[in-house]
Amino acid sequence: MNGDHEQAEAYYKALAEHEETARVAQHGLSRLGKQQGKAETVIAQARAAFEAPDSPKWAFDHLFEAQLDVGDWDGALESLEKAEKRKFLDKEEARRRKAVLLAARADALDENGQPGPALEAARQAAALAPDFAPAVALAAHLAARNGETRLAGQLIEKAWARRPHPALAQAFRDLWRGEPAKVQAKKLKSLIRHNPDHKESLILKAEQALDGGDAVTALHVLGPLLQDQDVTDRVCVLAGRAEDMLGNAVDARAWHIRAASAKIDPDWSDLDPDGPAFDYSQDDWRQLVESYGKTGKLTHPRAERGERRRPVAGLDANRLEKAESVKDDIRKEDDASSAMAEQNEVDEAGSAGETDRKNLARRLESLLDKDKKTD
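Okay, so the sequence shown: first residue is 4 according to this note's numbering, each after it adds one.
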């Protein structure tokens with residue numbers, strides 16, 4: 004058609020007048036609509052083809068994509084149900100996509116002042132995919148706001164057993180924020196038991212130990228995570244805090260430096276510093292229908308956009324600033340060769356961190372032996 008949309012449109016409309024070529028016309032007009040960004044045209048043409056008993060898969064693909072583009076979650080759910088019956092996609096993919104769509108619907112309903120239907124949709128989403136943290140966090144938030152704290156806790160515990168996420172830990176903490184410290188600690192221990200060896204559970208254990216003044220236990224718990232070559236900024240911050248508590252200034256300094264340049268934990272990026280976790284836009288939900296729906300992997304729209312993160316681990320809002328400040332001090336130590344000095348200091352800090360990890364087990368044994376002697 005040589006890119007002449009008007010000529011192509013006229014051609015397809017002529018084909019649409021004849022029953023034997025109507026399907027070709029619908030496909031052609033739908034494709035033109037996609038190329039021109041006309042979602043309403045795509046929906047009209049693809050739906051006409053999709054409603055036929057022998058509908059082709061392209062009709063579902065075009066219709067579903069256009070419904071996502073305009074945020075028609077109800078329409079997309081209806082199309083998805085029909086597509087699953089026609090075996091256009093497998094049951095697992097359909098389940099995941101439905102979970103995201105229900106979560107998106109719940110989010111929209113809540114924004115439109117319909118908390119009851121929003122909670123119901125969010126609960127359905129969480130039940131379909133308890134490993135989809137955005138749905139669980141939303142359902143727990145809506146349940147807690149409705150006074151159903153127990154339900155909110157159960158939703159998070161079920162999700163934690165499948166796939167822990169820092170946003171779920173934060174939501175769980177928020178449920179018991181007004182309770183005494185001992186009650187909060189007991190609740191968190193209960194959550195950890197649902198998946199005790201997961202990275203997020205180890206981080207929670209370390210945080211609890213540090214909050215109780217037990218730096219030795221914190222370092223012991225963090226041991227496996229500190230051995231990782233790609234140790235994240237969150238873990239570095241905790242290690243630095245533990246070394247601070249033990250009075251090990253050199254080791255603490257090394258971890259604070261490393262925290263400023265360590266790998267950023269992608270899951271942590273999901274927590275908005277000024278609002279709830281997974282504060283997604285319509286386009287974010289659309290993206291998740293595709294990414295999580297197809298692969299089961301949770302993407303991180305906020306990280307991809309480079310948006311501001313909540314202070315790491317929520318332990319001390321000044322931790323990263325402190326790490327950056329330490330790096331600044333290092334740079335100032337040799338103004339004459341600042342670039343070289345900076346690189347050398349960072350390299351030395353990295354080496355110190357590496358040595359620290361290699362000797363961590365031995366140091367912990369020594370510290371634990373000292374504790375035993377004083378008991």
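We put the CB at the ideal spot given by N, CA and C, even for glycine.
Note that the structure is a prediction, hence the values are computed from the model and not measured.
- The segment 247–257 and the segment 73–92 do not touch, with fewer than 3 CB-CB distances between them shorter than 8 Å.
- Shown here for residue 204: same chain residues with a beta carbon closer than 7 Å to its own, the five before and five after excluded, namely 167, 195, 198 in chain order.
- Residue range 184–196 is occupied by the alpha helix (DSSP H) that includes residue 187.
- Spanning the alpha carbons of residue 16 and residue 7 requires a straight line of approximately 14 Å.
- Counting along the chain, the unbroken alpha helix (DSSP H) around residue 227 starts and ends at 218–229.
- Taking the Cα of residue 176 as reference, the smallest distance to any Cα among 90, 140, 132, 272 is reached at 140.
- Annotation for residue 295: the continuous alpha helix (DSSP H) segment containing it runs 285–298.
- Only residues of its own chain outside the window of five on either side were considered, and among them 258, 261, 262, 265 have a CB closer than 6 Å to the CB of residue 239, listed in chain order.
- Secondary structure of residue 205 (DSSP, three-state): helix.
- At a Cβ-Cβ threshold of 7 Å, residue 51 and residue 70 do not count as neighbours.
- With a beta-carbon spacing of about 21 Å, residue 267 and residue 298 fall beyond the 8 Å limit used to define contacts.
- Under DSSP, residue 280 takes part in a beta bridge, and its partners are 274.
- If you look at residue 145, you'll find it in the alpha helix (DSSP H) that goes 136–148.
- Counting C-beta atoms within 10 angstroms of its own C-beta, residue 45 has 16 or more neighbours from the protein chains shown and is therefore classed as buried.
- Scanning its chain for C-beta atoms nearer than 7 Å, with the 5 sequence neighbours on each side dropped, one finds around residue 120 the residues 112, in chain order.
- Counted as a single uninterrupted DSSP element, the stretch harbouring residue 308 is not any alpha helix (DSSP H), since DSSP gives it neither H nor E.
- Judged by DSSP in its simplified three-state form, residue 44 adopts helix.
- Residues of the same chain with a CB within less than 8 Å of the CB of residue 224, apart from the 5 flanking positions on each side, are 205, 208, 209, 212 in chain order.
- In chain order, 44, 45 place their CB closer than 6 Å to the CB of residue 36, counting only its own chain and leaving out the 5 sequence neighbours on each side.
- Contact between the segment 94–114 and the segment 279–292 is present, with at least three C-beta pairs closer than 8 Å.
- An exposed status is given to residue 250, since fewer than 16 other beta-carbon atoms sit within 10 Å of its beta-carbon.
- In this structure, DSSP gives residue 16 a helical state, which the three-state scheme calls helix.
- In the DSSP assignment, residue 266 forms a beta bridge with 235.
- For the pair residue 154 and residue 164, the CB atoms are not nearer than the 7 Å cut-off.
- Restricting attention to 192, 152, 228, the CA atom closest to the CA of residue 202 is found in 228.
- Your pair residue 32 and residue 12 checks out as a contact, with CB atoms roughly 7 Å apart and the cut at 8 Å.
- Residue environment: residue 237 is assigned as buried (16 or more neighbouring CB atoms within 10 Å of its CB, all protein chains considered).
- The C-alpha of residue 90 lies about 29 Å from the C-alpha of residue 162.
- Residues 91 of the same chain have their beta carbon placed closer than 7 Å to that of residue 60, with the five preceding and five following residues left out of the count.
- For residue 91, the three-state secondary structure derived from DSSP is coil.
- One alpha carbon belongs to residue 131, the other to residue 73, and they sit about 24 Å apart.
- Around residue 63, the same chain offers 53, 82, 86, 91 as residues with beta carbons nearer than 7 Å, after the five sequence neighbours per side are excluded.
- With fewer than 16 neighbouring CB atoms inside 10 Å of its own CB, residue 284 falls in the exposed class.
- Burial check for residue 27: the Cβ neighbour count within 10 Å stays below 16, so the residue is exposed.
- Residue 150 has its alpha-carbon roughly 30 Å from the corresponding atom of residue 215.
- Residue 186 sits exposed, since fewer than 16 C-beta atoms from the chains shown fall within 10 Å of its C-beta.
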